[in-house]
Every structure is written in C-alpha cells, then in structure tokens.
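Protein chains in written order, with my numbering: chain A, -5 to 383; chain B, -5 to 383. Every residue gets a Cβ at the ideal spot worked out from N, C-alpha and C, and that includes glycine. Here the structure is laid out as structure tokens; the discussion comes afterwards.
Here is the structure:
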C-alpha cells in the first residue's frame, strides 16, 4: 500500500427531502448572503428551485442568483460569476445541480479569493491559497464533485477542457436526495453510471503494491453500481437503486477507491480531449467508448490485474489470465451497450481523420505522456483513439 | 437505504514514517502548546516517544505530558487530565497510542470545555457543546477511535464502562503508520482484528431496507481483514497486511460501513458489561466469545442476512439459508480460533453463575433491551451469556 493522505471533510446529508433543510444548514454555518449557481431551468421546471428558495428565505439567507451554468461549464461564465461574487460580497456559493454547477461554483469560490485569472489554476500557473466555502444540492449522480477535490472547466477561447485538484475544492456540505434524480433522463443516468465506474476503475487499474482492501471496496462498488443500473433501466424511480448510484458517485471520487494507490486517471485525460473538442459528446458517453479501447490496448501489460477485475466484478470463470481479462473487457462493453451507451466514435459522426487532432490535444501537443502499465506516447494515444472507430 | 449524515472530517496521514511529521502538522494548524497522552511506557521502550518529542521540539511545540493511560481508560485519570489541561491552557490534545489513549484524550478534550463532570456525557445527562481539538498517532489497529465519533470510558467507582457519540469526538488528524504496529503482540493484534470485524459486522447485521453498496463494502472489508490476519499470524512484520488492518480499523468505525443502515452495536453492549466487570478481559477477546453466541441466538430471525454473510464473506456453498447461516457462524468461530482468540468464557475462569450479574449490567438493571432482529430482554441477554460457556 502506498502512503496517502485521506481527507474528506464534506458533510453529506443524504436522504429523502434533505434539500428542504438547506436554509437551516446554511444558517447553522452562520452564512447570511450566498450566491446560488444552477443550470438552465430544469430545477425551475421540477419545482426544486421553489423549494430551495423557500427554505433559504425561511432562514433569512440573502441570495444572489447565477443561473445558466452550461454542461461542461465555461470559463467565461465563471469569470462573470467571480465579478459578481466580489461585488456582492457573498459569503459562500451554493451549487444546485450536477457536476457542472458544482465545478463552476468551485472555480468561482477560489477565483473570488485570487488576484489573478482563475484559468491560472488549471494551467498550473498558480494554486489556490484561499476560497469561499461551497455547498451543493446534488441533482445528478455522476461527477462525484460533491465530495471530490477536483474541478473541471472548459476554456472556449482555447477550446480545451482542464481540471485541477485542491483541498479548497472540497464542498463544505453536500445535500444528496436520490429522489431529485428520478427525472434525470435514461441517457444521462447511463452517462453518470459510466463516469462513476470510470472514477473507480481508473484508480483500480493504477500501478502500485498490493492494496487488497481498496481493491475489494472498488470491486464491491462496481458490482453494486452494475446491479442498480440494471434496475434503473426498467424502473427509474427505484429509490434504493437511485440511492446506491448517488452514494457510489460520492465514494467513487472522494479518494476512498484510490486509497493507497497511485492517483492517475488516464482515460479521463483522453475524454477531456474528446469532449473538449466535441462539446456534443457527454462526458460519460465519451468514457464508455474510451474505457474498452484503452483496456484492450493495455491489458496485456498487466493481465493479473485485468483478470482479477474480470473474475471479481464480472464473475468470469476462466483460469487463463489473458483469456479472463479479455472476457472481462467484453462483459464491460456488453454492459455499456445494455445501458444504451455508445461503443464507437462513429456513432457521433466524427470522422476518423480527427484522431490525430485528438491525440495532439490529449498529449498537449506531444508534450506529455499518459501513464499506467506503459507510458502512452502520442502514437499510442492515437492508436487508442483509432480503436474507438 | 435509510437517510444518513456522513461526516468524517479527520485528516488521515497514512504511511511509513508519517509519525515523524507530527510537529510540522501541529504547527501548521497553529497550535503552540499541547497535552500529550500516552500509556505505560511501551512507546518509550520502542523509541517512538523520542521520535515524537524530537519532531514536536523541532517545531517549537510546548508539551504537557500525561503518561499512564490504562487499557480501558479510567474516569479518574481523565478528571486529572482535565484539571491539568485547564490549568496549563493547552490548545489541543495529542494521543499517542491505541483506542485507550485516544478515548481518554477525547474525554479530556470535551471535559476541559464543560463546567460539569465529564461523566455526564456517557450518562446522557449532558452533551458536549465544545471541545479542544484532538489529534493522534495510532499505535494499535482496533478501536477505530482515530476516525470515529465514539469514546468509551470506565468508571471505577461504579465499575461500569460506557461510551457516547458526538461530532466533537472526531479527531482533527490521525497519523497512521502501520510499522508502529509491528511490535503489537500476536494476542493484541488478534483482539484488534476481532474488534474491527465486530464494528463492521454489527452494522452489517442491523435492520434496514436494502443497502447493497454498504453490504458490499462491509463484505469486502471483512474478506480483506481475514486474509491479512492469516498473513500476520506467520509474519507480523508484513507491511501490506499491517496496513490493511490499520486502514480497515479506521473505515470500520468511521460510519462508512453503516451508511444507510441503522446504527446499533448490540454485541458491543454485551462486551462493555463483560469487560466492565472483568477488567482482565481484553475488549476484542470478549467480542470473540460473544459474537458467535449472539449470532447463534438470533440468526433464525433473519437467515437471509446471515446466509448472505456466510456465502459472500466465508464462501459457504449451501443453498439452504438456515444451513448456510450456521456454517457461516461456524466459519467465523473457526477463524477466531485460528487467530488464537478464546471461544468460551470458561477460558477466563469466570464461573457461569456470573451470567445473571452480566445480564443485569448489560440491561442497566432490566431497564433496557438490546436491539436487532428481536428485542433482547433480560432473559435473552442472560441466555446469550450462558451460550458463552
């Protein structure tokens, strides 16, 4: 087991009607004036907006609204939000939504306390030294941003998507009511499921000494997500299945599934290049295409690991490690297909000629390699993108 | 899944040599004067005391020492420590040791900020509203106190042992170096393993709607602990096995293994009566006797649960739920025997006539029942103690 620091200070308030407590929760922290970030109106249509506002009002919380966070949240929006947060002197940011609203809020929170441009953080020019507190009401199980230290943003000028990790990115509280995800579409539910599985699998497939306990937690989480996903395909309002996916979302990305392991998420690097270039591709859908391609390219470099994954997660019975590995990858693909995820990039009508550009984006113009089992250089990265066709 | 709040703000610094960072860590928090609580000299013999003091000195931390914490920490010691903490105006308490040093520190920390007597907390007369921060350097994997909200203490005047839960009982940081547990005796290592398993199993066996994810985490943790325990019997200096047990200790009792489940620890109630009366019985050894006895008494009221436990944790192949349940309990007993734990109370030379007194203590003089599957009344509790013979 590698040395690690585990720090998950987010208070998770999980369960039915939990969002109705938001005003009281914020009041108990002592905040009186907040910024609320949310998306494009789905929370208004569902009635969540009214319930949240009522709770905030009842607890005398003054609210500065910043609606309009887009999927793959945009730098220009964050810059605007930072200006407003400073001008209005808000004491905290409340995100109501999924990973986009939360990540946008995280950037706003650290940007508001930084003299330079917030793009400096994902560009590794600066690291945050202070931030406003962020809390969230989660409405989509996917990104795990509610408990994670990471935040991803898209720079429209440069057409790239980048993230960074910081302890200042940890939410102070996360209100998680699985019922709020009943209205998430089947497609977006599946995208979220792939994202959760990917956060878990990419850590699971990192290189390190034995971490049997973390392995078992990852495998158990994956089995449980797969089981719940199958339930949700037929019954999207199954509370326990929605609750399992929501809690798995938080646990998959709060560092538990990586404790004692190397922290690298190789497939996410591929996907950020992909959906950074093609905004119409949902993050989870991109991962569903990339995970099997990546796995097929690297599994022979560590069949012990891939066969353990196959046997324990997918119940593959095959004593040959290479054979079992391949069957595990096939089982993963079949599952993605079962939950209606794309398996190939051609399903998005993206011509294969784009793989050069994608490989270039992913390697920052051949300036970096992508790790795990073998260092993937530009040509490998392009080969993996080619396998997506 | 039941509603729950998950809040584990303890920063865990896990790995080799991590204890040498203690001075820097405390300095970074801004504390200049601390109380250090530890046991009876084993940390001096091992050299840990010197290494800790060196790190504290190098970082200009002033230390008020309170050595002499006993196993099953005593109320009288805590009262003395509270007086010293107030008189010396210490800013935090550092526990160097296992559950005893940490629990003693937790009581000192909340007692120092309370006008009444600290026994009011476990007596349910008062709840803490403030506390000094507590940090720890863990030297034994067992109680899980390094991340838990609970603290147990023995009142020598009344000859009883009680605990209580509070968010003020969460350590601010926990320094976990598995190498520090190399010198823990085989017997104490086994006691710790049973305690960790019991924290997990008692939550696992609570009553609630489906919690597949939490089930899988519990089962994975147990499988991993069992595997590592077997390694340690032959090779007590196996780093990965020691690390697994140490990390499992924290995870078993930080609420992860109970998320979405009812929070009751029935067997711990029995054991507190037992080792509260017979101080020579180590907590884990008492649990090793009580867990199978409790399980045999209640399993027929929920064979679905016990057979799941048997099949997933102990790999029992038996399609009959009752039959599988019993085989699972037998496998657990065989494992406890394998790690040299006692299986019967007669091994402690305690006469069976004591079971009336123990049942009386456990039920607070027939004033309470013990839950899970059936409400265990005085007669049931006595029957279970009788099964321990």
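In three-state terms, what does DSSP make of residue i?
i: residue 357 (chain A); result: coil
i: residue 199 (chain A); result: coil
i: residue 156 (chain B); result: strand
i: residue 286 (chain A); result: helix
i: residue 129 (chain A); result: strand
i: residue 386 (chain B); result: Residue 386 (chain B) is absent from the model: chain B starts at -5 and stops at 383.
i: residue 243 (chain A); result: helix
i: residue 75 (chain A); result: helix
i: residue 98 (chain B); result: helix
i: residue 386 (chain A); result: The structure shown does not extend to residue 386 (chain A), since chain A spans only -5 to 383, so no value can be given for it.
i: residue 260 (chain B); result: helix
i: residue 8 (chain B); result: strand
i: residue 15 (chain B); result: helix
i: residue 338 (chain B); result: coil
i: residue 383 (chain B); result: coil
i: residue 225 (chain B); result: helix
i: residue 344 (chain A); result: coil
i: residue 60 (chain A); result: strand
i: residue 23 (chain A); result: helix
i: residue -5 (chain A); result: coil
i: residue 43 (chain A); result: helix
Apart from the five residues on each side of it in sequence, which residues of its chain come closer than 7 Å, Cβ to Cβ, to residue i?
i: residue 110 (chain A); result: 120
i: residue 335 (chain B); result: 184, 188, 279, 282
i: residue 81 (chain B); result: none
i: residue 381 (chain A); result: 287, 290, 291
i: residue 211 (chain A); result: 250, 251
For residue i, which residues in the same chain have their Cβ closer than 6 Å to its Cβ, ignoring the five residues on either side in sequence?
i: residue 89 (chain A); result: 31, 95, 96, 99, 130
i: residue 295 (chain A); result: 367, 368
i: residue 310 (chain A); result: 304, 318, 321, 322
i: residue 8 (chain B); result: 170
i: residue 284 (chain A); result: 261, 264, 265
i: residue 306 (chain A); result: 213
Kindly say whether residue i, judged by its beta-carbon, lies nearer than 8 Å to any beta-carbon of chain A.
i: residue 242 (chain B); result: yes
i: residue 279 (chain B); result: no
i: residue 363 (chain B); result: no
i: residue 36 (chain B); result: no
i: residue 238 (chain B); result: yes
i: residue 405 (chain B); result: This structure gives no information on residue 405 (chain B), because the portion of chain B shown stretches from -5 to 383.
i: residue 5 (chain B); result: yes
i: residue 254 (chain B); result: yes
i: residue 175 (chain B); result: no
i: residue 224 (chain B); result: no
i: residue 24 (chain B); result: no
i: residue 12 (chain B); result: yes
i: residue 2 (chain B); result: yes
i: residue 74 (chain B); result: no
i: residue 234 (chain B); result: yes
Rank the options by C-alpha distance to the C-alpha of residue i and give the top, closest one.
i: residue 19 (chain A); options: A:163, A:42, A:306, A:54; result: A:54
i: residue 224 (chain A); options: A:23, A:49, A:333; result: A:333
i: residue 85 (chain B); options: B:115, B:14, B:357, B:102; result: B:102
i: residue 193 (chain A); options: A:277, A:-5, A:236; result: A:277
i: residue 14 (chain B); options: B:42, B:126, B:25, B:-3; result: B:42
i: residue 160 (chain A); options: A:127, A:52, A:58, A:-3; result: A:127
i: residue 64 (chain B); options: B:370, B:149, B:352, B:115; result: B:149
i: residue 255 (chain A); options: B:256, B:253, B:251, B:238; result: B:238
i: residue 47 (chain A); options: A:143, A:17, A:35; result: A:17
Are the C-beta of residue i and some C-beta of chain B separated by less than 8 Å?
i: residue 207 (chain A); result: yes
i: residue 203 (chain A); result: yes
i: residue 181 (chain A); result: no
i: residue 215 (chain A); result: yes
i: residue 332 (chain A); result: no
i: residue -5 (chain A); result: yes
i: residue 9 (chain A); result: yes
i: residue 379 (chain A); result: no
i: residue -1 (chain A); result: yes
i: residue 21 (chain A); result: no
Excluding the 5 residues preceding and the 5 following residue i in the sequence, name in chain order all residues of the same chain whose CB lies nearer than 8 Å to its CB.
i: residue 355 (chain B); result: 154, 267, 270, 271
i: residue 394 (chain A); result: Outside the displayed range of chain A (-5 to 383) lies residue 394 (chain A), so it cannot be described from this structure.
Please compile the residues from chain E whose C-beta is within a distance smaller than 7 Å of the C-beta of residue i.
i: residue 218 (chain B); result: Of the chains in the structure shown, none is chain E; the protein chains are A and B.
Pick out the complete alpha helix (DSSP H) segments inside the stretch 291 to 320 of chain B, 4 residues or longer, and give them in chain order.
297 to 308
Let me know the beta strand (DSSP E) ranges lying completely inside the stretch 134 to 194 of chain A, each 3 residues or longer, listed in chain order.
144 to 149, 154 to 159, 167 to 170
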